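K.L.:
Quick one: structure below, then a few questions.
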Amino acid sequence: MEVAFYLSGLVAVLATLRVVTSINPIHALLYLIVSLIAVAMVFFALGAPFAGALEVIIYAGAIMVLFVFVVMMLNLDEGVAAQERAWFKPRIWLGPAVLSAILLLVLVATLWRGDIGLVIEGETLTAKAVGTALFGPWLIVVELAAMLLLAALVTASHVGRSQSPDTRGDES
Amino acid sequence: MTLTMTHLMALLPLIVVCATAITVMLGIAWRRHHGGTAAVTVIGIVLTLAMLLPIWTMAPVEVPLLVVDGLALFAGAMILISSLTCAALAYVYLDNYPGPREEFYLLLLCAAAGGMVLAASRHLATLFVGLELLSMPLYGMLAYAFSERRSLEAGIKYFILSAAATAFLLFGMALLYAQVGRLDLPAVAAVLGERPTAWGLAGIGLLLVGLGFKLSIVPFHLWTPDVYEGAPGPAATFLASASKVAVFVVLLRLVLSTPAFQDDWLRGVLAVLALAGMLVGNLLALVQSNLKRLLGYSSIAHFGYLLVALVVGDGLATETSGVYLLTYLVTTLGAFGVVTLLSSSYSGEDTAALHHYRGLFWRRPYLTAVLTVSLLSLAGIPFTAGFIGKFYIIALGVEAERWWLVGGIIVGSAIGLYYYLRVMVTLYLVEPGMRRRDAPRDWGGRAGGVVVLGLALLVVMLGVYPAPMIEWVRLVEHITVR
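Top to bottom, those sequences are chains A and B.
Residue numbers for the first sequence follow UniProt numbering, beginning at 1 and rising by one.
Residue numbers for the second sequence follow UniProt numbering, beginning at 1 and rising by one.
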């Protein structure tokens, strides 16, 4: 399990370095996805599968894919096809592919050994344990996070309003 | 540990503020009404303030992740008072605002709740969530008039820089957690001990960076003047008062409860930050021709003075911080209140350039009197609240024999006197063809005018008869959990 942990950690560090050094936003985002998946693997190795699954579902799955879509949609013009062809070179996709392959290897090797509850040390934190902690002693933080999301939502809906500022909300 | 009835009682002020925010939200969804929204907000805040009194008698109560003690209630009262002032000012200010106006109160209430959580936090998790709950609505409040370029700029600038500061804060917390394995402040303080390891020091340092940004302590102050200048009046008022009070209180709690801060090295860092704040803030304020920018730099200088209390860290430190925070709060609310009132009849950029204020006395004698009293108090002239605060700080510095810091305070105050007086002289100058930037004609009868006049009276009262305030702060210290 230590090997899995350190290998995933290394992948995360390398991928994040490439995020920072990439000039093209799409390439940077691809590396960021790899980095997030690597962090998820680190969580699995540490015995926190719930955090790992959240990392994959929310960060790599939802937020980053949204980022990629938005960046790609912003680039829609005539040169897109040519640009697409220029991007699709081995030099570009080889890096993320190799790093992802290492992660896949780690995952398969871990699964091959069979024991899902395998961790470096300590116990596996199940989703049930996380839920008990969140809605037990950490209840206040959960409630406050709800207020935080409300504030963020109101801010976003106010600032993101497309109507001209001359009209008040009640007149539209 | 589960929540008991006592815990719920102690959390009641927070619950009521959040419930008011939800009520305001539902009200907006049902029907937009500016006056009604403002009234609900004010009633909610006043109810919460009244609720602090019975809870005062049962303090300190330790709730899971939070502690409701003297300091938390003291800061809570100050945050609520500034929110109340901001709500009253916003009612006048937003009256002519062309866009939707009701969301401002919702954001204001959320930010107030965040400030209260922050002041009561005794756990790194609530510290973080409280800080975010305080900052997140502020982004919206600062960028509220988003069709104005400057307001949008202020909001985005604060948003991006504040996110960077939060990253520092989180990284510091991660380092501390890696060292200690706990997140509650007492445990962190105990494990770190008198002489923390390099990683522990790094964690504390990063925490200081994160909190120092919000307090605009000197190396992290670059955002302050721009954000103050661009923000709509009530938002700038909240940023300068409630937000700073809440963050300072949590910093005070951190410094007082962590023995690692007795370390000479950390104290040296704090002392340098304090000295830099006083000098840089005051010197840069000298060259400003915009009242809001000037007040921004002056607040940087004031938090330099306040850091002296943290450098000394024992004896009268808590009492000094309490008295200084209270006097600073009342004074700043007064000064920003006048700026906001003067900006309110005009849609567009706020009235903040100094030439707008030329000869104000001959048009608006009462408002000018309020502004004069506030500026005198900021300068620390006797018979105003600011004098009592500054007296405390100097006394603390002299007692701890921190001569460099005392020297810095005296030099800073001397420079400060110059630029505050420059503004005051402008107020009374007569000049033909003066620019007409006025408060609404009936400002005195409006909520904002009454509040500002009350604040000016309070500044003078606290300066002439400070005994009740000092008694109160001593009582606060008595029921504070260390």
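Glycine included, every Cβ here is placed at the ideal spot set by N, Cα and C.
If you're wondering where the values come from, they're calculated on a predicted model, not measured in any experiment.
#1: In this structure, what does DSSP give as the bridge partners for residue 61 of chain B?
#2: Let me confirm a value: residue 288 of chain B is counted as buried when at least 16 other C-beta atoms fall within 10 Å, else exposed. Which label applies?
#3: In or out: residue 157 of chain A buried (at least 16 other Cβ within 10 Å) or exposed?
#4: Quick check: is the beta carbon of residue 86 of chain B nearer than 9 Å to any beta carbon in chain A?
#5: What residues of chain A sit near residue 116 of chain B, judged by a beta carbon separation below 9 Å?
#6: Per DSSP, which residues does residue 96 of chain B bridge with? Please list them.
#7: Classify residue 478 of chain B: buried if its beta carbon has 16 or more other beta carbons within 10 angstroms, exposed otherwise.
#8: Shorter than 9 Å from the beta carbon of residue 74 of chain A to some beta carbon of chain B?
#9: Would you mind stating whether residue 292 of chain B and residue 339 of chain B have Cβ atoms separated by less than 9 Å?
#10: Can you pull the DSSP bridge partners for residue 353 of chain B?
#11: Can you find the residues in the same chain that come closer than 6 Å, C-beta to C-beta, to residue 40 of chain A, ignoring five residues on each side of it along the sequence?
#12: Going by Cα to Cα distance, which pick from A:5, A:113, A:95, A:138 is closest to residue 21 of chain A?
#13: Taking CB distances under 9 Å as the criterion, tell me whether residue 64 of chain B reaches chain A.
#14: Can you check DSSP and say which residues form a bridge with residue 27 of chain A?
#15: From residue 262 of chain B to residue 464 of chain B, what does the alpha carbon distance come to, in whole angstroms?
#16: Relative to the C-alpha of residue 126 of chain A, which residue among A:36, A:110, A:43 is closest?
#17: Is the CB-CB distance between residue 396 of chain B and residue 312 of chain B below 9 Å?
#18: In whole angstroms, what is the alpha-carbon distance linking residue 86 of chain B and residue 424 of chain B?
#19: If you run the structure through DSSP and keep just helix, strand and coil, what is residue 299 of chain B?
#20: Name, please, each residue of chain A whose Cβ falls closer than 7 Å to the Cβ of residue 139 of chain B.
#21: Nearest by alpha-carbon distance to residue 190 of chain B: which of B:476, B:242, B:141, B:256 is it?
#22: What residues of chain A sit near residue 61 of chain B, judged by a beta carbon separation below 9 Å?
#23: Among the candidates B:79, B:352, B:359, whose CA atom is the shortest distance from the CA of residue 567 of chain B?
#24: Please work out which residues of its chain come closer than 8 Å, Cβ to Cβ, to residue 171 of chain A, disregarding the five sequence neighbours upstream and downstream, and give them in chain order.
#25: Please classify residue 33 of chain B: does DSSP put it in a helix, a strand, or coil?
#26: Can you find a CB in chain B that lies within less than 9 Å of the CB of residue 41 of chain A?
#27: Using the beta-carbon count (16 or more within 10 Å), is residue 390 of chain B buried or exposed?
#28: Using the beta-carbon count (16 or more within 10 Å), is residue 154 of chain A buried or exposed?
#29: Tell me where the alpha helix (DSSP H) around residue 332 of chain B begins and ends.
P.N.:
With the structure as the only source:
#1: By 1-based counting over the second sequence, the position of residue 61 of chain B is 61. DSSP, once it has assigned bridges, lists B:68 as partnering residue 61 of chain B.
#2: For the purposes of this step, residue 288 of chain B is taken as residue 288 along the second sequence, with counting starting at 1. Under this definition residue 288 of chain B is a buried residue.
#3: Taking the first sequence and counting its residues from 1, the one referred to as residue 157 of chain A is at position 157. Label assigned to residue 157 of chain A: exposed.
#4: The residue labelled residue 86 of chain B in the question sits at position 86 within the second sequence. It does not: the Cβ of residue 86 of chain B has no partner Cβ on chain A nearer than 9 Å.
#5: In the second sequence, the residue the question calls residue 116 of chain B occupies position 116. Ordered by position in chain A, no residue passes the 9 Å Cβ test against residue 116 of chain B, which lies about 10 Å from the chain.
#6: Reading the second sequence from its first residue, position 96 is the one you call residue 96 of chain B. Partner(s): none; residue 96 of chain B has no beta bridge.
#7: Within the second sequence, numbered from 1, the residue matching residue 478 of chain B stands at position 478. Classification of residue 478 of chain B: exposed, given that the 10 Å Cβ count is below 16.
#8: Indexing the first sequence from 1 puts residue 74 of chain A at position 74. No - not a single Cβ of chain B is within 9 Å of the one on residue 74 of chain A.
#9: Translated into positions along the second sequence, residue 292 of chain B becomes position 292. Translated into positions along the second sequence, residue 339 of chain B becomes position 339. In this structure, residue 339 of chain B lies closer than 9 Å to residue 292 of chain B by Cβ.
#10: Here residue 353 of chain B corresponds to residue number 353 of the second sequence, with the count starting at 1. Bridge partners of residue 353 of chain B: B:290.
#11: On the first sequence, position 40 is the one that residue 40 of chain A refers to. Same-chain partners within the cutoff: 52, 55, 56.
#12: As a working mapping, residue 21 of chain A is identified with position 21 in the first sequence. Checked all of A:5, A:113, A:95, A:138; the closest Cα to residue 21 of chain A is A:95.
#13: On the second sequence, residue 64 of chain B is found 64 positions in, with the first residue counted as 1. By this cut-off, residue 64 of chain B is an interface position.
#14: Here the question's residue 27 of chain A lines up with position 27 in the first sequence. Residue 27 of chain A pairs with nothing; no bridge assigned.
#15: Locating residue 262 of chain B in the second sequence gives position 262, counting from the first residue. Locating residue 464 of chain B in the second sequence gives position 464, counting from the first residue. Straight-line Cα distance between these residues: approximately 36 Å.
#16: For this step, residue 126 of chain A is matched to residue 126 along the first sequence. Of A:36, A:110, A:43, the residue nearest in Cα terms is A:43.
#17: Along the second sequence, one-based indexing puts residue 396 of chain B at 396. Along the second sequence, one-based indexing puts residue 312 of chain B at 312. Contact: yes.
#18: Along the second sequence, read from residue 1 onward, the residue named residue 86 of chain B stands at position 86. Along the second sequence, read from residue 1 onward, the residue named residue 424 of chain B stands at position 424. Roughly 24 Å between the two C-alpha positions.
#19: Translated into the one-based positions of the second sequence, residue 299 of chain B becomes position 299. DSSP places residue 299 of chain B in helix when its eight states are reduced to three.
#20: Taking the first residue of the second sequence as position 1, residue 139 of chain B is located at position 139. What residue 139 of chain B touches in chain A: 155.
#21: As a position in the second sequence, residue 190 of chain B is number 190, starting the count at 1. Closest option to residue 190 of chain B, Cα to Cα, is B:256.
#22: Here the question's residue 61 of chain B lines up with position 61 in the second sequence. None at all; the shortest Cβ gap to chain A is about 13 Å.
#23: As shown, chain B starts at 1 and ends at 482. That puts residue 567 of chain B outside it, with no answer to give.
#24: Taking the first residue of the first sequence as 1, we reach residue 171 of chain A at position 171. In this prediction, residue 171 of chain A scores a pLDDT of 40, lower than 50, which makes its location untrustworthy; no coordinate-derived value is stated.
#25: Translated into positions along the second sequence, residue 33 of chain B becomes position 33. The answer is coil: DSSP assigns residue 33 of chain B none of H, G, I, E or B.
#26: For the purposes of this step, residue 41 of chain A is taken as residue 41 along the first sequence, with counting starting at 1. No, no contact with chain B.
#27: As a position in the second sequence, residue 390 of chain B is number 390, starting the count at 1. When all chains shown are included, residue 390 of chain B counts as buried.
#28: On the first sequence, residue 154 of chain A is found 154 positions in, with the first residue counted as 1. Result: buried.
#29: As a working mapping, residue 332 of chain B is identified with position 332 in the second sequence. Note, residue 332 of chain B: alpha helix (DSSP H), 317-343.
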